[in-house]
Amino acid sequence: ETGVTQTPRHLVMGMTNKKSLKCEQHLGHNAMYWYKQSAKKPLELMFVYSLEERVENNSVPSRFSPECPNSSHLFLHLHTLQPEDSALYLCASSPSPGLAGGRTDTQYFGPGTRLTVL
Amino acid sequence: GNSVTQMEGPVTLSEEAFLTINCTYTATGYPSLFWYVQYPGEGLQLLLKATKADDKGSNKGFEATYRKETTSFHLEKGSVQVSDSAVYFCALLNDYKLSFGAGTTVTVRA
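Written out as structure tokens, the structure is:
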């Protein structure tokens, strides 16, 4: 398998459920990202990981909890979500995050997980 | 701060028509510029990019030139096909942060 993969592709959950989204990149990249795409809103950056360390938490509510066990895998753990959290959640990776004025790299996206919160 | 403004859609065209989607940006420093495309039910795919002023990105018949003097990165294709129907996003990368435009929905009719 190549590129960036995400599972599941679709998820329906109740507000009291706990679920996890998974992202895997097969590109040898060192940085991974979570984005949220809501209807009629620009894509929002949620989290950034560089070499398994979180370097950005873009004011995301604590009901979203990311985990990066290694440079190839990224999870987004979900609990007690709200209906307004329904969206397409996109994972991306890049060779490096380009921190501290370093080289900035192209981000490559997975197909997304379509989440519906009832 | 960084921001991207792209023309609002939807845009509806006939096959073989010329497509232009305008994109302008504001940014500090020297950002890289991108066009991503999202086909129905799918994630974002990188269409083309340019990393410095006067660079031209091109792919699949699409082109865009990084114009620093007008802070623009307009997307063009000379002859569209039905398979080009998608949502197109202009984006700016500064440090590690991608800033996206709102997206332009393009529909090409046979």
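Taken in order, these protein sequences are the chains called Y and B.
Quick note on numbering: the first sequence equals residues 6 to 123 in the numbering used here.
Quick note on numbering: the second sequence equals residues 32 to 141 in the numbering used here.
All C-beta atoms, glycine included, are put in the ideal place defined by N, C-alpha and C.
From a predicted model like this one, the values you see are computed outputs, not experimental measurements.
Classify A58(B) as helix, strand or coil using the three-state DSSP reduction.
Coil at A58(B), not helix or strand.
Under 7 Å Cβ-Cβ, which residues of chain B neighbour G117(Y)?
G74
Anything in the stretch 125-136 of chain B with a Cβ closer than 9 Å to a Cβ of chain Y? List those residues in chain order, please.
N125, D126, Y127, K128, L129, S130, F131, G132, A133 and G134
Quick one: which chain Y residues come within Cβ less than 8 Å of Q80(B)?
In the sequence under discussion, the amino acid at residue 80(B) is Lys, which differs from the Gln named in the question. Within chain Y, the residues whose beta carbon sits less than 8 Å from that of K80(B) are T111, listed in sequence order.
Counting contacts by CB-CB distance shorter than 8 Å, is L77(B) in contact with chain Y?
yes
Using a threshold of 8 Å, state whether the C-beta atoms of L48(Y) and F131(B) are closer than that.
yes
In this structure, does DSSP put P71(Y) in helix, strand or coil?
In this structure, P71(Y) counts as strand in the three-state DSSP scheme.
What residues in the stretch 40-62 of chain Y bring their beta carbon closer than 7 Å to a beta carbon of chain B?
Within the stretch 40-62 of chain Y, the residues whose Cβ lies closer than 7 Å to some Cβ of chain B are P47, L48, L50 and V53, listed in chain order.
Helix or strand or just coil, what does DSSP make of E61(Y)?
Strand.
Quickly, what does DSSP pair L123(Y) with across the bridge? List them, please.
Answer by DSSP bridge pairing: none, since L123(Y) is not bridged.
Which same chain residues, not among the five before or five after V68(B), have their C-beta less than 6 Å away from its C-beta?
Q76, L78, A117 and Y119
Buried or exposed for G88(B), please, with buried defined as at least 16 other CB atoms from any protein chain shown within 10 angstroms of its CB.
Answer is buried; the Cβ neighbour count reaches 16.
Got a sec: is the Cβ-Cβ distance from F80(Y) to anything in chain B below 8 Å?
no
If the cut-off is 9 Å on Cβ atoms, which residues from the stretch 20-36 of chain Y count as contacting chain B, listed in chain order?
A36
Span of the beta strand (DSSP E) holding Y38(Y)?
For Y38(Y), the enclosing beta strand (DSSP E) stretches over residues A36 to Q42.
Where G134(B) and T36(B) are concerned, what is the direct C-alpha to C-alpha distance, given to the nearest angstrom?
9 Å
Look up E49(Y) in the DSSP assignment and say whether it is helix, strand or coil.
strand
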